[in-house]
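A.B. asks: The number in the numbering used here is simply the position in the first sequence, starting from 1, with 424 added.
Beta carbons: idealized from backbone N, C-alpha and C, even for Gly.
Note that the coordinates shown come from a computational prediction; the quantities given were computed from them, not determined experimentally.
Quick one: the structure is below, and I'll ask about it shortly.
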Amino acid sequence: MSRPRINLEATLFCGQSFAWTKIGAVYQAALRGRLVSFTQESLPSLLAKDGGVCEYFDCSFDYEGAEQHLASLDPYLARAIASFSGLRILCQDPWETTVSFILSQNNHITRIRSLYRRLSEAYGTPVGEGVYTFPRPEELDGVTEDQLRGLGVGFRAPYIIDAVAKSPILDAVHDLDDEGALSALMQIAGVGPKVGSCILLFAYQRRRIFPRDVWVKRIMGEHYRHHTCAFFAPHEGLAQQYLFHAYRSEHGRKG
DNA sequence: GGCCAGGAGGCCT
DNA sequence: AGGCCTCATGGC
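Right under this line is the structure:
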């Protein structure tokens, strides 16, 4: 069986993960506590021998089938998929994803990335030159609001502290249905419907979840006025990623 | 229910 | 070089 090509550029920099850097042709991040690096060309051989990386890139899901189905629904989505084919929904760590999307509110991607990096450098564990793991809740235990504000997270500092305290919720989410899971996540300060939806889609493989940020609301208003997100069923989450990424690329947004 | 603060770095002109 | 944008959440 041939392995479908993963579009790394779109997948790693579309705003679902803030962990990755690209130096030359090399993509690099701390993944599950260790340094992982590859190029577009070397990724297939890494996937073949590293189950962890394979799982991270959601390799057991039939993306070709999902893309075909979505592309058959309407020409606008078909064009987005044609432009960025191989965009995947990553299987990310719930804790990292929760803090990342708390940081994301009222913020642009470039700045989220720098805050993510600063938190990692300040409280994470080094795994390679200049690369650190994202700090676990235990590593952030006892951190103060002032310390976090010192890193530039601003009004999000108390949210992060609350997330540390309530991090056990993240284990319970695995056993809840989508609705119950969203309610549970929203018990964390700074987690509302949008942030909670992103956590469910990017860390818990809830493929039916359709996060609505301002961009997606614009897209739905401009192109899907007579539809709800159920139009994209059962691949709402993947459709959202293609629409979001294509629309923003088209409108020249980088951050 | 609606409006506005909060925060600072990257983006655009 | 400097002003503007970000755009979810919580609190009033």
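According to the Cβ coordinates, are Y666 and I533 closer than 8 Å?
C.D. replies: By one-based count along the first sequence, residue 666 stands at place 242. By one-based count along the first sequence, residue 533 stands at place 109. For Y666 and I533, no; Cβs fall outside 8 Å.
A.B. asks: Taking the continuous alpha helix (DSSP H) assigned at L432, which residues delimit it?
C.D. replies: Translated into positions along the first sequence, residue 432 becomes position 8. Its alpha helix (DSSP H) spans residues 432 to 437.
A.B. asks: Regarding I633 and the ligand SAM, is the C-beta to nearest heavy atom distance less than 7 Å?
C.D. replies: Only the bare structure without any ligand can be found here, which leaves the ligand SAM out of the picture.
A.B. asks: Which residue comes first and which comes last in the beta strand (DSSP E) that contains T688?
C.D. replies: Given a span of 425 to 679 for the chain in the structure shown, any question on residue 688 remains unanswerable.
A.B. asks: Less than 7 Å between C-beta atoms, sequence neighbours within five positions excluded: which residues of the same chain meet that for N431?
C.D. replies: Counting from one through the first sequence, the residue named residue 431 turns up at place 7. Answer for N431: F508, S509, G510, L511, listed in chain order.
A.B. asks: Can you tell me which of F481, M610, R630, I585 puts its alpha carbon nearest to the alpha carbon of R456?
C.D. replies: Residue 456 sits at position 32 when you count from the first residue of the first sequence. Ranking the options by Cα distance to R456, first place goes to F481.
A.B. asks: What do you reckon, are the CB atoms on Q683 and T463 nearer than 8 Å?
C.D. replies: Because the chain is modelled from 425 through 679, residue 683 falls outside the range shown and cannot be assessed.
A.B. asks: Use the C-beta contact count for V638: other C-beta atoms within 10 angstroms, 16 or more gives buried, fewer gives exposed.
C.D. replies: Locating residue 638 in the first sequence gives position 214, counting from the first residue. Per the 10 Å Cβ criterion, exposed.
A.B. asks: In this structure, does DSSP put F668 in helix, strand or coil?
C.D. replies: Counting from 1 along the first sequence, the entry for residue 668 is found at position 244. If DSSP states are grouped into helix, strand and coil, F668 belongs with the helices.
A.B. asks: Once DSSP output is grouped into helix, strand and coil, what is the label at P550?
C.D. replies: Position 126 of the first sequence, counted from the start, is the residue given in the question as residue 550. P550 falls in the strand class under three-state DSSP.
A.B. asks: Within the same chain, show all residues whose beta-carbon is closer than 6 Å to that of L609, passing over the 5 residues directly before and after it, in chain order.
C.D. replies: Indexing the first sequence from 1 puts residue 609 at position 185. The answer, listed in chain order, is V615, G620, I623.
A.B. asks: CA-CA distance, R573 and A581?
C.D. replies: Taking the first residue of the first sequence as 1, we reach residue 573 at position 149. Taking the first residue of the first sequence as 1, we reach residue 581 at position 157. Answer to the nearest angstrom: the Cα atoms are 6 Å apart.
A.B. asks: For L459, which option in V588, I593, G554, L527 has the closest C-alpha, if you only look at C-alpha atoms?
C.D. replies: Sequence index remark: in the first sequence, residue 459 carries index 35 (1-based). Measuring from the Cα of L459, the nearest candidate turns out to be G554.
A.B. asks: Suppose the cutoff is 8 Å on Cβ atoms and the five residues either side in sequence are ignored; what does the same chain contact list for M425 look like?
C.D. replies: Residue numbering aside, residue 425 sits at position 1 when the first sequence is read from its first letter. Any answer about M425 is weak, because its pLDDT of 48 lies below 50 and its placement is not dependable; what the coordinates show is given next. Result list for M425: empty, nothing under 8 Å.
A.B. asks: Specify, as a first and last residue, the run of the beta strand (DSSP E) that R458 falls within.
C.D. replies: Taking the first residue of the first sequence as 1, we reach residue 458 at position 34. Taken as a continuous stretch (DSSP letters only), the beta strand (DSSP E) holding R458 covers 458 to 462.
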